[in-house]
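Novice: Got a structure here, written out as structure tokens. Questions coming.
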Amino acid sequence: MSTQSIWFVTGSQHLYGPETLKQVAEDTRQLVASLNASGQLPVAWVQTATMTDTEAITRLCREADADENCAGVVLWMHTFSPAKMWIKGLSTLRKPILHFHTQFNRDLPWGCIDMDFMNLNQAAHGDREAGHLHTRLGLRRKVVVGHWSDPSTVRELAGWSRVAMGWHELQRTKIARFGDNMRFVSVTEGDKVAAEAQFGFSVNGFGVGDLVERMQSVPDDAIDQMIEVYSDLYDVAPELHLGGDRHDSLRDAARQELGIEAFLVEGGFGGFTTTFEDLHGLNQLPGLACQRLMKKGYGFGAEGDWKTAALLRFAKAATAGQTGGTSFMEDYTYHMEGGNELVLGSHMLELCPSISSGRPRLEVHPLGIGGKADPVRLVFDAKVGPALNASLVDLGDRFRLIVNTVRGVEVPPMPLLPVGRAVWEVEPDFKTGLAAWIYAGGAHHTVYSYDLTAGQMEDFAVIAGIEAVFIDKDTNMRDFRRSMRGM
Ligand code: MN
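Following this line, the structure appears as structure tokens:
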């Protein structure tokens, strides 16, 4: 991510003369330096030349699109900047766009304000001129309003920058699909061609035999080293220790992890899917490998779910460096006690330990599905706190993003359920939240995140140009249904 940057473009015009333009550039320099020094931005913001004519703007927009390290473009009209100058450039600009409606001076100098001050600090109408053109062109963009020194404004800018980073990553993400879809399942299917055109990521299938071959060439000493890593990071069950009865299962899991990671690295993949119905040559369903590779930032979807794998890859890139945690998730089963309704989220094995509330335990247990040897997995309870579930579905003629804000609660002891577990309350309440999810066609697989906000998911949907629906504390069922096309 360190090579990425976001371009900060200040608009003006020649009418004011060189002195004013010099001041505009200097004010921009201070503003950008202050934002970079805030420690909030996930990538550097870089000031470009001040834009004052059609030719330069058009050239800049082309350069932004051509620059593979440019993750997005921020626009600000310090002075007035006649917007017809921006038509050519903005009409073709494909990078994510944020329109920052701010002003250099926070306070008006009431006692000494004069016409020179008024001419220099004209964002109040310069940005309206810009916004009108953006709307007229149908430009998909984010508008952030506020003074650049205000912490809540900086947080908004940082949140969008993270989404731009995630989107940037998605444009070069390749998903490796080992095996096909879980048989007969509908929601994990979809149009991969339409998805690549809409979101930029590609999905291609690989025989599980290719993966097994790669696993077989993993050297023993690499496995030894991996076992040490496991001992450092997790409480390893005694039977898995060197000399323990099941130590071979752990070595097998380490071989899987190293083999899958090598396959992904060598092929330049950012995510992958597996399916328990296609495990030829694998001794156990990959559990630990999927968990740890998610923790490293790879997208993952079980049962061939490439949409969730891609959405998770976006989420991992967008939340890089954050510590709340983000995982592949499945709404598994409910606690339906009146007034205390809860969802138990889990999977057969594959939850990311980034959401664990403590040090995970590394254990081996039987799995009643897949017909393979007992798989090794990390066992943990997810954190308490605000979170969200996001699901990307293919409705045949379009994609829809469904986002439900939830609250992670204390996970009750479940001694007979040795997997990663999360328990949450849905907003606005159990009945409304789940009915809305089902009306919207949301999947049972989701991306579950303590770091991403609903606002960021909205930014993602805007950049992608897809429909998005939100289920939160303000959701009213009648309005919600009306808000969706085709309901
Ligand atoms: Mn599943």
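The sequence shown lines up with residues 6 to 492 when you count with the numbering used here. Ideal Cβ placement from N, Cα and C applies to all residues, glycine included. Everything numeric in this text was worked out from a predicted model, so none of it was measured.
1. In chain order, what residues place their C-beta within less than 6 angstroms of a heavy atom belonging to the ligand MN?
2. Using C-beta distances below 7 angstroms, list every residue in its chain close to V159, excluding the 5 sequence neighbours before and after it, in chain order.
3. Got a sec, what are the start and stop residues for the alpha helix (DSSP H) I158 sits in?
4. Is it right to say P114 is buried, meaning 16 or more other beta carbons lie within 10 angstroms of its own, or is it exposed?
5. Keeping to the same chain, check which residues put their C-beta closer than 6 angstroms to that of S396; ignore five residues upstream and five downstream.
6. Could you tell me the alpha carbon to alpha carbon distance between I228 and M482, rounded to whole angstroms?
7. Could you compute how far the alpha carbon of D70 sits from the alpha carbon of E368?
8. Quick check on R188: buried or exposed, where buried means 16 or more other Cβ atoms within 10 Å of its Cβ?
9. Tell me the rounded alpha-carbon separation between L5 and S17.
10. Between the alpha carbons of D250 and E244, how many angstroms are there, rounded?
11. I believe L372 touches L290 by the beta-carbon criterion, under 8 angstroms. Please report the beta-carbon distance rounded to the nearest angstrom.
12. What does the Cβ neighbour count give for D257, buried or exposed, with the cut at 16 atoms within 10 Å?
13. How is E282 classed by DSSP in three states: helix, strand or coil?
14. When you compare each of N186, F435 and W165 to K478 by their alpha carbons, which one comes out closest?
15. Quick check on K377: buried or exposed, where buried means 16 or more other Cβ atoms within 10 Å of its Cβ?
16. Assess, as a yes-or-no matter, whether the segment 191-205 is touched by the segment 259-266 under the definition of 3 or more beta carbon pairs within less than 8 angstroms.
17. Using the Cα positions of H83 and M90, report the straight-line distance between them to the nearest angstrom.
18. Out of curiosity, what's the CA-to-CA distance linking Q461 and D225?
19. Please list the terminal residues of the continuous beta strand (DSSP E) segment that includes G214.
20. Is the distance from the Cβ of L98 to the Cβ of V14 below 8 angstroms?
21. For T107, which option in Q127, E346, A88 and G22 has the closest C-alpha, if you only look at C-alpha atoms?
22. Classify G248 as helix, strand or coil using the three-state DSSP reduction.
23. Report buried or exposed for P380, applying the criterion of at least 16 other Cβ atoms within 10 angstroms of its Cβ.
24. DSSP puts Q52 in a beta bridge; with which residues?
25. Give the straight-line distance between the Cα atoms of P358 and F85, rounded to the nearest whole angstrom.
26. What is the DSSP secondary structure of A242, counted as helix, strand or coil?
27. Quick one: residues in its chain with C-beta nearer than 7 angstroms to the C-beta of L400, no 5 flanking neighbours on either side, listed in chain order?
28. Starting from the C-beta of I468, find all residues in its chain whose C-beta is less than 6 angstroms away, skip the five residues before and the five after it, and write them out in chain order.
29. Just to confirm the assignment, what range does the beta strand (DSSP E) spanning D336 have?
30. Give every residue of the same chain whose Cβ lies closer than 8 angstroms to the Cβ of N74, excluding the five residues on either side of it in the sequence, and list them in chain order.
31. Please say whether G77 and A169 have beta carbons closer to each other than 8 angstroms?
32. Taking only three categories from DSSP, how would you classify P114?
33. What first and last residue would you give for the beta strand (DSSP E) that runs through L397?
34. Distance check for L439 and A181, CA to CA, integer angstroms please.
35. From this set, F204, N394 and A325, which residue's C-alpha is nearest S351's C-alpha?
36. Just reading off the alpha helix (DSSP H) that R67 is part of, what are its end residues?
Specialist: Inspection of the coordinates gives the following:
1. Those residues placing their Cβ nearer than 6 angstroms to any heavy atom of the ligand MN are, following chain order, A307, E308, E335, H352 and H450.
2. Along the sequence shown, read from residue 1 onward, the residue named residue 159 stands at position 154. Result list for V159: L40, S43 and Q45, in chain order.
3. Against the sequence shown, residue 158 aligns to sequence position 153. This sequence places Thr at residue 158; Ile is not what is there. Taken as a continuous stretch (DSSP letters only), the alpha helix (DSSP H) holding T158 covers P156 to L175.
4. Position 109 of the sequence shown, counted from the first residue, corresponds to residue 114. Classification for P114: exposed.
5. Mapped onto the sequence shown, residue 396 falls at position 391. Only I407, G447, A448 and T451 meet the Cβ criterion.
6. Here the question's residue 228 lines up with position 223 in the sequence shown. Here the question's residue 482 lines up with position 477 in the sequence shown. Approximately 53 angstroms, taken between the alpha carbons.
7. Start at 1 with the first residue of the sequence shown, and residue 70 comes out as number 65. Start at 1 with the first residue of the sequence shown, and residue 368 comes out as number 363. Cα to Cα, D70 sits roughly 48 angstroms from E368.
8. If you number the sequence shown from 1, residue 188 lands on position 183. Exposed is the call here.
9. Outside the displayed range of the chain (6 to 492) lies residue 5, so it cannot be described from this structure.
10. As a first step, residue 250 must be located in the sequence shown, where it is residue number 245. As a first step, residue 244 must be located in the sequence shown, where it is residue number 239. Rounded to the nearest angstrom, the two C-alpha atoms are 5 angstroms apart.
11. Position 367 of the sequence shown holds residue 372. Position 285 of the sequence shown holds residue 290. With a Cβ gap of about 6 angstroms, L372 and L290 count as contacting.
12. Position 252 of the sequence shown holds residue 257. D257 comes out buried.
13. Residue numbering aside, residue 282 sits at position 277 when the sequence shown is read from its first letter. Here E282 sits in coil by DSSP.
14. For the purposes of this step, residue 478 is taken as the residue at position 473 of the sequence shown. When only C-alpha atoms are compared, the closest one is F435.
15. In the sequence shown, the residue the question calls residue 377 occupies position 372. By the neighbour-count rule (16 or more Cβ atoms within 10 Å), K377 is not buried but exposed.
16. no
17. By 1-based counting over the sequence shown, the position of residue 83 is 78. By 1-based counting over the sequence shown, the position of residue 90 is 85. Cα to Cα, H83 sits roughly 15 angstroms from M90.
18. Numbered from its first residue, the sequence shown carries residue 461 at position 456. Numbered from its first residue, the sequence shown carries residue 225 at position 220. In a straight line, the C-alpha of Q461 is about 43 angstroms away from that of D225.
19. Within the sequence shown, numbered from 1, the residue matching residue 214 stands at position 209. Unbroken run through G214 is the alpha helix (DSSP H), V213 to Q221; no beta strand (DSSP E).
20. For this step, residue 98 is matched to residue 93 along the sequence shown. For this step, residue 14 is matched to residue 9 along the sequence shown. No, the pair does not count as a contact, with Cβ atoms beyond the cut-off.
21. Here residue 107 is taken as the residue at index 102 of the sequence shown, counted from 1. Taking only the C-alpha atoms, the option nearest T107 is Q127.
22. Counting from 1 along the sequence shown, the entry for residue 248 is found at position 243. Residue state, collapsed to three classes: coil.
23. Mapped onto the sequence shown, residue 380 falls at position 375. It counts as buried.
24. The count along the sequence shown starts at 1 and reaches residue 52 at position 47. Paired residue(s): F13.
25. For the purposes of this step, residue 358 is taken as the residue at position 353 of the sequence shown. For the purposes of this step, residue 85 is taken as the residue at position 80 of the sequence shown. Rounded to the nearest angstrom, the two C-alpha atoms are 51 angstroms apart.
26. One-based indexing of the sequence shown puts residue 242 at position 237. DSSP places A242 in coil when its eight states are reduced to three.
27. For this step, residue 400 is matched to residue 395 along the sequence shown. Answer for L400: G446, listed in chain order.
28. Counting from one through the sequence shown, the residue named residue 468 turns up at place 463. Contacts found: P101 and W172.
29. Within the sequence shown, numbered from 1, the residue matching residue 336 stands at position 331. Per DSSP, D336 belongs to the beta strand (DSSP E) from T331 to H340.
30. Residue numbering aside, residue 74 sits at position 69 when the sequence shown is read from its first letter. The answer, listed in chain order, is T8, Q9 and S10.
31. By one-based count along the sequence shown, residue 169 stands at place 164. By one-based count along the sequence shown, residue 77 stands at place 72. In this structure, G77 lies closer than 8 angstroms to A169 by Cβ.
32. Along the sequence shown, one-based indexing puts residue 114 at 109. In this structure, P114 counts as coil in the three-state DSSP scheme.
33. Indexing the sequence shown from 1 puts residue 397 at position 392. For L397, the enclosing beta strand (DSSP E) covers residues G390 to D399.
34. Translated into positions along the sequence shown, residue 181 becomes position 176. Translated into positions along the sequence shown, residue 439 becomes position 434. Those two C-alpha atoms are separated by around 32 angstroms.
35. The residue labelled residue 351 in the question sits at position 346 within the sequence shown. Nearest of F204, N394 and A325 to S351, Cα basis: N394.
36. Translated into the one-based positions of the sequence shown, residue 67 becomes position 62. Start and end: T59 to A71.
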